[in-house]
Amino acid sequence: MLETIRIDCPYCGEGFDTEADCSAGDQAYIEDCAVCCQPIEIALSVDHEGNLLSVRAQRNDE
Ligand SMILES: [Zn+2]
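Note that the sequence shown covers residues 45 to 106 in the working numbering.
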């Protein structure tokens, strides 16, 4: 189940859309910013029915 999510880049502040696979439950992964290409750590919180609860985007440097 792919869902389009909106990410606000913690490096450059630009927003962009990307897709997240909500069928895999809670997850965290790295995705490069579509604007500045910095690695953003994206953390998804998903309930047991696959509904996206929250999206967190943070810098991947310590
Ligand atoms: Zn960026």
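For each residue, glycine too, the CB sits at the ideal point set by N, CA and C.
From a predicted model like this one, the values you see are computed outputs, not experimental measurements.
Examine ligand 1 and report whether any of its heavy atoms sits within less than 6 Å of the Cβ of residue i.
i: E85; result: no
Starting from residue i and walking both ways along the beta strand (DSSP E), at which residues does that stretch end?
i: A101; result: 96 to 103
i: S89; result: 83 to 90
i: D70; result: From DSSP, D70 is part of no beta strand (DSSP E); its letter is neither H nor E.
i: A64; result: 59 to 65
Using the beta-carbon count (16 or more within 10 Å), is residue i buried or exposed?
i: L88; result: buried
i: C80; result: exposed
i: C56; result: exposed
- Sequence-ordered residues whose beta carbon comes within less than 7 Å of a heavy atom of ligand 1: Matched residues: C53, Y55, C56, E58, C77, V79, C80, Q82.
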